[in-house]
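Structure below.
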């Protein structure tokens, strides 16, 4: 166990270091597809460094929750990253899929509390939308877990990726991959569910919750978000991209794909998100039945 | 004689006369403004004007109420019979202290709560450099009820845009009511232009707004040229009309690139932005600056457009045409985008007529209101173009209308370029009529159709000096419509709805 934990920590650290780069690659892809030059792929590191150095402003009307939320969010993202399968194959023997999902849910729960704590209109709006999306995302993620659990007879993430390098092409696998991709976009506040680069304060979801944060606390949130996105990319590569390729290639492919999908789509109406996620749920249900 | 039929009445008859001129709402209210004539020995008091467009007879009709010396400065509000008067009456109250009685919404409009009570800046007794501080009561209008909460937005926004404060009354995500507090950067332009000659104020007029400097300047020049009784050379008219259409194309293209930003549709944003930049560089080649300033002057135009420049224009227009058709295809093929814009932000035709909306906002709701057709000015009577309207009044209609109008404008530019080529009076010296302002007195109006709608100006000259200038840009009558368009939609749709009108803050912060 101790051995396994050590590997997990190393893995999470590596992912933490790479996460801003992957986010930068997604942004660069989007810029390239718009015929723009775009910011450097290392821009996210500069931004994090900028926020890290800046002072934190906190209104006197907030409680400790406001200060704790970004840290909890970052820590839960790191915990989730530790459980990921497929990178240090065979060395990580902890990390149940349910734990993975609900550790992330804990982080989101604290972010929502933090957004409500400052009692601004935007924080509340963002929090309520985030919960609305997460309530819809949760069944889809659970079904995605069950799909793999029924295939491999275990809910342990490490057990699910025994043959992740094998090439297989079945109806449940394809449906599962497409559905998980849709869920991944929703979970990580990407288009068409949320617009990660918008500054239209009335339409955004995740960014709405972070409006009151500044300085170092903001850098925690952004780093947590980027790490969470990379974790999902890895999970997608490990469980839903059954190609005999190294994980690095799979993650890069996923990043390019996300950039492409974001360019091809615009943000959907807020209340249409349920239709979008219902489609993912139905696909997963069909996949489970077919399996 | 001014170019309108003017009735001068007593204040108690103002509302009745205005009601007759509005002809049951058929004749839209163009503008209402006050004037200080205390220094005029014939009047010795204040006056308010209400100007109506008689759309069937293509002429302006105005009524003027005169408040003589010692008379009380109040009159019966027009707003209950002419809803379009709502903002004008509040502005006149702020600027002159002329009180509309029984006004449904008598809050201050232009001068916010940092100004003292009883300060009326457009009165001649007030020094234009007056440094005033104080407070006055200025509440936001909000809905109340269980579970209804307020979302304050602005005046400082996340993007680089002008200041405006929006107060949403929300039930969940649905917008129950929206109150907009604008006029944050009131510049006092009308005040500082008083006492100057038309040539002196020209640079100010050009800078009322960055997006429609041609429209504003043209309206101003029309007004002063009418007062001076000058007819400008034909070639100058062609150039003015051509510049107006280029400005319209630039603005419409910019809007086509800006509306998708409300929904994060990135390829369209980029293409629109690129095309607009190309057009702004064309404008720089024409005028030496990116905003077409400095070309139109009272009496004509300052510079010619030669055949080399005409070729440039034709070249850029071809590229723009191709990009616009790409853009409209992009919009049509993106189902998700169509889903966002259709049925969002609806302004019904009744609302458009009642609020005397202008330009894109009016025509997208089926209100055929275009000063290029309604009033013969420039070269428009000779040109062949259609007045386009849409029916649904939603964001999709305003978008489609801009695309359709662009097609008309491309054809207009083509026609105007041909006219310029055919015109052999190619003498630069012949492009302006010299006017000796020192003896010119009188009052008149000018009107030109900017990309957002008609820009109206009223100018009164006294011995060649401006006694009163009133600027009403297209955004002014359309802003109240935005607050109506959002009702029933959800708050994440507001940026999209707001962008679909693309109204200007600077135009009303004059």
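Residue numbers (the working numbering), protein chains in the order written: chain A, 7 to 297; chain B, 833 to 1342.
Every residue, glycine too, gets a C-beta built ideally from N, C-alpha and C.
The beta carbon of residue 74(A) is closer than 8 Å to those of 116 and 120 in its chain, skipping five residues each way along the sequence. Non-local beta-carbon contacts of residue 199(A) in its own chain, meaning distances under 8 Å to residues more than five positions away in sequence, involve 139, 191, 192, 211, 273, 274, 279 and 282 in chain order.
Counting C-beta pairs closer than 8 Å gives three or more between the region 1232-1246 of chain B and the region 1152-1171 of chain B, which meets the contact rule.
Scanning the region 262-296 of chain A from its first residue to its last, the whole alpha helix (DSSP H) runs of 4-plus residues come out as 279-296. Assignment of residue 1006(B) by DSSP, reduced to helix, strand and coil, places it in the strand class. Burial is judged here by how many other beta carbons sit within 10 angstroms of a residue's own beta carbon; residue 988(B) has fewer than 16 and is exposed. Taking C-beta atoms as the reference points, residue 1111(B) and residue 1081(B) count as a pair closer than 9 Å. If you keep only unbroken alpha helix (DSSP H) runs of at least 4 residues inside the region 218-252 of chain A, you get 221-241.
With 16 or more neighbouring CB atoms inside 10 Å of its own CB, residue 1099(B) falls in the buried class. Per DSSP, residue 1049(B) has no beta-bridge partner at all. DSSP, read as helix, strand or coil, puts residue 998(B) in strand.
Counting C-beta pairs with one atom in each stretch, the region 1086-1093 of chain B and the region 262-270 of chain A have fewer than three that are closer than 8 Å, which means they do not touch.
For residue 1006(B), no chain A residue has a C-beta closer than 7 Å to its own C-beta; the minimum C-beta separation is roughly 10 Å.
For the set 1011(B), 1174(B) and 1040(B), the Cα lying nearest the Cα of residue 941(B) is the one of 1011(B).
In this structure, DSSP gives residue 866(B) an extended state, which the three-state scheme calls strand. By the C-beta density criterion, residue 67(A) is exposed, having fewer than 16 other C-beta atoms within 10 angstroms. Judged by beta-carbon spacing, residue 237(A) lies within the 9 Å limit of residue 86(A), meaning their Cβ atoms are closer than that value. The alpha-carbon of residue 1301(B) is positioned some 51 Å away from that of residue 123(A). Bounds of the alpha helix (DSSP H) holding residue 1234(B) are 1227-1254.
Under the three-state reduction of DSSP output, residue 1016(B) falls in the coil class, being neither helix nor strand. If you draw a straight line from the Cα of residue 865(B) to the Cα of residue 1219(B), it comes to about 29 Å. A Cβ-Cβ contact shorter than 9 Å links residue 898(B) with residue 875(B).
Burial state of residue 70(A) is exposed, judged by a 10 Å Cβ sphere holding fewer than 16 other Cβ atoms.
From the listed residues 1185(B), 1294(B), 1076(B) and 1323(B), the smallest Cα separation to residue 1248(B) is found for 1076(B). If you draw a 10 Å sphere on the C-beta of residue 177(A), you find fewer than 16 other C-beta atoms in it, and that means exposed.
According to the DSSP assignment, residue 1170(B) belongs to the alpha helix (DSSP H) that extends over 1167-1173. At least 9 Å separates the beta-carbon of residue 271(A) from that of residue 231(A). In the structure shown, residue 1202(B) adopts coil according to DSSP, grouped into three states.
The beta carbon of residue 131(A) sits closer than 7 Å to those of 214, all from its chain and outside the five residues before and after it, given in chain order. Under the 10 Å beta carbon count, residue 20(A) is surrounded by fewer than 16 other beta carbons and is classified as exposed.
Below the 7 Å Cβ cutoff, chain B contributes 1095 and 1096 as neighbours of residue 273(A), in chain order. For residue 1166(B), the residues of chain A that pass the 9 Å Cβ criterion are 270, 271 and 272, in the order they occur in the chain. Short of 7 Å from the beta carbon of residue 292(A), and not among the five residues preceding or following it, lie these beta carbons of its own chain, in chain order: 181. In the DSSP assignment, residue 908(B) forms a beta bridge with 933(B). Residue 1326(B) places its beta carbon 9 Å or farther from that of residue 1230(B). When Cβ-Cβ separations below 9 Å define contact, residue 128(A) makes contact with chain B.
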